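J.: Note that the protein sequences, when read in sequence, are chains A and Y. Taking the working numbering, the leading residue of the first sequence gets 316, the next gets one more, and so forth. Taking the working numbering, the leading residue of the second sequence gets 316, the next gets one more, and so forth. C-beta atoms are modelled at their ideal positions from N, C-alpha and C, and glycine is treated no differently. All values reported here derive from a predicted model rather than from experimental measurement. Before I ask anything, let me first share the structure, which is written out below as structure tokens.
Number of protein chains: 2
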Amino acid sequence: MLTYFCVEMRPRDEHKEYKIRQKAIELIVAEGLDGFGVNKLARSAGVSPATIYIYYKDKEELISSICVGVAEKMMTFSLQNFSPDMDFADGLRVQWRNRLEYFMQCPLDMEFIEIMRYTHFYEKVTAMLTVNFGQVLGAFMRNAEKKQQLIPLPFEVYWAVAYAPLYQLIKFHNQGNSYVNSSFKLDDKLMEQALGLVLKALKP
Amino acid sequence: MLTYFCVEMRPRDEHKEYKIRQKAIELIVAEGLDGFGVNKLARSAGVSPATIYIYYKDKEELISSICVGVAEKMMTFSLQNFSPDMDFADGLRVQWRNRLEYFMQCPLDMEFIEIMRYTHFYEKVTAMLTVNFGQVLGAFMRNAEKKQQLIPLPFEVYWAVAYAPLYQLIKFHNQGNSYVNSSFKLDDKLMEQALGLVLKALKP
DNA sequence: TTTAAATAAGCGAATGCTCACTTATTTTTG
DNA sequence: CAAAAATAAGTGAGCATTCGCTTATTTAAA
């Protein structure tokens, strides 16, 4: 943006942009992608529909931009206190904890991403995740193999066993019930239990 | 339906109904739930929009009905050759194989269900799955515990570790790539490798 | 210090278009 | 013929987007 070259202009109300994004996430989580509209969003955020088009070219760009923003936030969060050359069990535990903590703090973000996952908006997210996530966690896996703390495996098999169970537990928690229990709450103890099983599977 | 009470009437063209359902799945997988419309579907299936409303009350019921239909088909398929009192490793292997085979035969169905999973249409599916799936697989789990072939676990932890990795592998296959590899194909060997890890995790 | 020029932010009220759904009519069967 | 199936041609509601305008802010000339 060329903002700082222009000396004569009215500054943007940052709060407005924030509120638009926040309300968009809320609306999409509450009513799904269909049922989400620009006019509805404008009313909900307390701005004019036209204002939204100052910030975003069109509906497509609005949703895309929010999508990538949330995904970036999640990724940054889940790499906190993590380094690819950590001990395998410790590193995996940090990853699990970070993801769980993020989801506890921002449950809407999680649900939002899940909704977006099977739309064409998610393609840009995948591209971003592939570069950042893949490199760091790929390195982590190779290091652990070298230290003989992890069975040598194709990346996909490793990923599926190492992380998919956690996401499934979070899904159960989100929908509040699984196929047998009518109410399910994920906590630290359950997470540790599942992580224990996963480590057992992956350690030599 | 009262079809067989009426003696004078023109019979329905069963092929039309089938084609409507089939094309609906194709369209939703290709373009997502947004971008899917009744008029478009009608053109694509070679019928009039009004015809669709002879079979279904409204768009909502159309999608719901297809959703539940596909889910029922999947469930039936994945319980083939399975019984709750099978040996644990054998039973789990049958489950994995069935799911994998179904997905190989009907990849569209799989993608369709994934798209629907985070919409309100899925609630009816969850209800159906809870009753049928939960009872059979819950029994399987308890039997395996009794026979000491499975560590005692909360159902959700068991489910997450036992099945989530398979679904993740199928997702990687469907999208054709993972976070590090630009092309990924799931086959029997990879499935067996992952299943081996899962069994290692779950056996005492 | 005042004031006017300049400019982006912001808005309410359309606009045209697409969509789910309906109606009036024709076709196909027993 | 009777009756349901099937349709072509709508209809009106709701949608994304835009237009013409006002407001807020800054700077620089007077």
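1. Between A:LYS355, A:LEU407 and A:GLY352, which lies nearest to VAL455 of chain A when the distance is taken from Cα to Cα?
2. Under 8 Å between the Cβ atoms of LEU465 of chain A and TRP411 of chain A?
3. Judging by CA-CA distance, which residue of Y:ALA442, Y:PHE499, Y:LEU452 and Y:TYR333 is the nearest neighbour of PHE397 of chain Y?
4. Within 8 Å of any Cβ in chain Y, is that where the Cβ of TRP474 of chain A sits?
5. With H, G and I counted as helix, E and B as strand and the rest as coil, what does DSSP make of TYR319 of chain Y?
6. Name, going along the chain, the residues of the stretch 391 to 403 of chain A whose beta-carbon falls closer than 9 Å to a beta-carbon of chain Y.
7. Could you say which of Y:ILE369, Y:TYR371, Y:ASP402 and Y:GLN420 lies nearest to PHE392 of chain Y if we only look at CA atoms?
8. Looking at the secondary structure, which residues open and close the alpha helix (DSSP H) in which PHE418 of chain Y lies?
9. What is the residue span of the alpha helix (DSSP H) that HIS435 of chain A lies within?
10. State yes or no: is the beta carbon of GLY384 of chain A nearer than 8 Å to at least one beta carbon in chain Y?
11. Who are the near neighbours of PHE403 of chain A in its chain, counting only those whose CB is closer than 6 Å to its CB and skipping five residues on each side?
12. What is the DSSP secondary structure of GLY352 of chain A, reduced to helix, strand or coil?
13. Just curious, the alpha helix (DSSP H) that GLY511 of chain A is in, first and last residue?
14. Do we get a CB-CB distance below 8 Å when we pair LEU317 of chain Y with the residues of chain A?
15. Roughly how many angstroms separate the alpha carbons of VAL344 of chain A and PHE470 of chain Y, rounded to a whole number?
16. Please name the residue, chosen from A:GLU429, A:VAL513 and A:LEU505, that lies closest to LYS386 of chain A on a Cα-to-Cα basis.
17. Is the CB-CB distance between ILE381 of chain A and ARG414 of chain A below 8 Å?
18. Does LEU512 of chain A come within less than 8 Å of chain Y when only Cβ atoms are used?
19. With burial defined as no fewer than 16 other Cβ atoms inside 10 Å of the residue's Cβ, what is the status of ILE369 of chain Y: buried or exposed?
20. When DSSP labels each residue in this structure, what does PHE397 of chain Y get in the three-state scheme?
21. Report the three-state DSSP secondary structure of VAL440 of chain A (helix, strand or coil).
22. Short check: CB of ASP349 of chain Y to CB of ASP349 of chain A, under 8 Å?
23. Run through DSSP, which three-state label would MET324 of chain Y get?
24. In the structure shown, what three-state DSSP assignment does TYR494 of chain Y receive?
25. Under 8 Å Cβ to Cβ from GLY384 of chain Y, same chain only, skipping five residues before and after it: list those, please.
26. Using only the alpha-carbon positions, how far apart do PHE487 of chain A and PHE499 of chain A sit?
27. Excluding the five sequence neighbours on either side, which residues of its own chain have a C-beta within less than 6 Å of the C-beta of ALA516 of chain A, listed in chain order?
28. If I follow the unbroken alpha helix (DSSP H) through LEU465 of chain A, where does it start and stop?
29. Along the stretch 404 to 429 of chain A, what residues have a CB closer than 9 Å to any CB found in chain Y?
30. Do LEU444 of chain A and TYR494 of chain Y have their beta-carbon atoms positioned less than 8 Å apart in this structure?
31. Listed from N- to C-terminal order along the chain, which residues in the stretch 453 to 474 of chain Y have their beta-carbon within a distance smaller than 8 Å of any beta-carbon of chain A?
T.: Quick look at the numbers:
1. Here residue 455 of chain A refers to the residue found at position 140 of the first sequence. Going by the sequence as given, residue 455 of chain A is Phe instead of Val. Of A:LYS355, A:LEU407 and A:GLY352, the smallest CA-CA separation from PHE455 of chain A is found for A:LEU407.
2. If you number the first sequence from 1, residue 465 of chain A lands on position 150. If you number the first sequence from 1, residue 411 of chain A lands on position 96. No, the pair does not count as a contact, with Cβ atoms beyond the cut-off.
3. Position 82 of the second sequence, counting from 1, holds the residue named residue 397 of chain Y. It is Y:LEU452 whose Cα lies nearest to the Cα of PHE397 of chain Y.
4. As a position in the first sequence, residue 474 of chain A is number 159, starting the count at 1. Yes, its Cβ sits closer than 8 Å to a Cβ of chain Y.
5. In the second sequence, residue 319 of chain Y corresponds to position 4, counting from 1. At TYR319 of chain Y, the pLDDT of 41 sits below 50, so the modelled position is not reliable and the matter cannot be decided from this model.
6. Listed by position along the chain: nothing, the set is empty.
7. On the second sequence, residue 392 of chain Y is found 77 positions in, with the first residue counted as 1. The candidate whose alpha carbon is nearest that of PHE392 of chain Y is Y:GLN420.
8. Against the second sequence, residue 418 of chain Y aligns to sequence position 103. Per DSSP, PHE418 of chain Y belongs to the alpha helix (DSSP H) from 403 to 420.
9. As a position in the first sequence, residue 435 of chain A is number 120, starting the count at 1. HIS435 of chain A -> no alpha helix (DSSP H), and no H or E assigned at all.
10. Within the first sequence, the letter at position 69 stands for residue 384 of chain A. Chain Y contact via Cβ: absent.
11. As a first step, residue 403 of chain A must be located in the first sequence, where it is residue number 88. Here the set comprises ALA459, GLN464 and LEU465.
12. The count along the first sequence starts at 1 and reaches residue 352 of chain A at position 37. Here GLY352 of chain A sits in coil by DSSP.
13. Reading the first sequence from its first residue, position 196 is the one you call residue 511 of chain A. Annotation for GLY511 of chain A: the continuous alpha helix (DSSP H) segment containing it runs 503 to 517.
14. Position 2 of the second sequence holds residue 317 of chain Y. With a pLDDT of only 35 at LEU317 of chain Y, under 50, the local geometry of the prediction cannot be trusted, and no value is derived from it.
15. As a working note, residue 344 of chain A is residue 29 in the first sequence. As a working note, residue 470 of chain Y is residue 155 in the second sequence. If you take the alpha carbons of VAL344 of chain A and PHE470 of chain Y, they lie about 27 Å apart.
16. Position 71 of the first sequence, counted from the first residue, corresponds to residue 386 of chain A. One detail in the question is off: residue 386 of chain A reads as Ala in this sequence, not Lys. Here the closest residue by C-alpha is A:GLU429.
17. Locating residue 381 of chain A in the first sequence gives position 66, counting from the first residue. Locating residue 414 of chain A in the first sequence gives position 99, counting from the first residue. In this structure, ARG414 of chain A does not lie closer than 8 Å to ILE381 of chain A by Cβ.
18. Working through the first sequence from its first residue, we reach residue 512 of chain A at position 197. Answer yes: the Cβ-Cβ gap between LEU512 of chain A and chain Y drops below 8 Å somewhere.
19. Taking the second sequence and counting its residues from 1, the one referred to as residue 369 of chain Y is at position 54. It is exposed - the Cβ of ILE369 of chain Y has fewer than 16 other Cβ atoms within 10 Å.
20. Start at 1 with the first residue of the second sequence, and residue 397 of chain Y comes out as number 82. PHE397 of chain Y carries a coil assignment under DSSP once its states are collapsed to helix, strand and coil.
21. Numbered from its first residue, the first sequence carries residue 440 of chain A at position 125. Correct three-state label for VAL440 of chain A: helix.
22. Numbered from 1 along the second sequence, position 34 holds the residue referred to as residue 349 of chain Y. Numbered from 1 along the first sequence, position 34 holds the residue referred to as residue 349 of chain A. Going by C-beta atoms, ASP349 of chain Y is nearer than 8 Å to ASP349 of chain A.
23. For this step, residue 324 of chain Y is matched to residue 9 along the second sequence. In this structure, MET324 of chain Y counts as coil in the three-state DSSP scheme.
24. Indexing the second sequence from 1 puts residue 494 of chain Y at position 179. Looking at TYR494 of chain Y - three-state DSSP - the assignment turns out to be coil, as it is neither helix nor strand.
25. The residue labelled residue 384 of chain Y in the question sits at position 69 within the second sequence. ARG336, listed in sequence order.
26. Locating residue 487 of chain A in the first sequence gives position 172, where the first residue counts as 1. Locating residue 499 of chain A in the first sequence gives position 184, where the first residue counts as 1. When rounded, the distance between both Cα atoms is 7 Å.
27. The residue you call residue 516 of chain A lines up with position 201 of the first sequence. Within the same chain, Cβ atoms closer than 6 Å to the Cβ of ALA516 of chain A are found at VAL476, the five residues on either side in sequence being excluded.
28. Along the first sequence, one-based indexing puts residue 465 of chain A at 150. Unbroken run through LEU465 of chain A: none, as it is neither H nor E.
29. GLU426 and GLU429
30. Walking along the second sequence from the start, residue 494 of chain Y turns up at place 179. Walking along the first sequence from the start, residue 444 of chain A turns up at place 129. Yes, Cβ-Cβ distance for TYR494 of chain Y and LEU444 of chain A is below 8 Å.
31. GLY453, ILE466, LEU468, PRO469, PHE470, GLU471, VAL472 and TRP474
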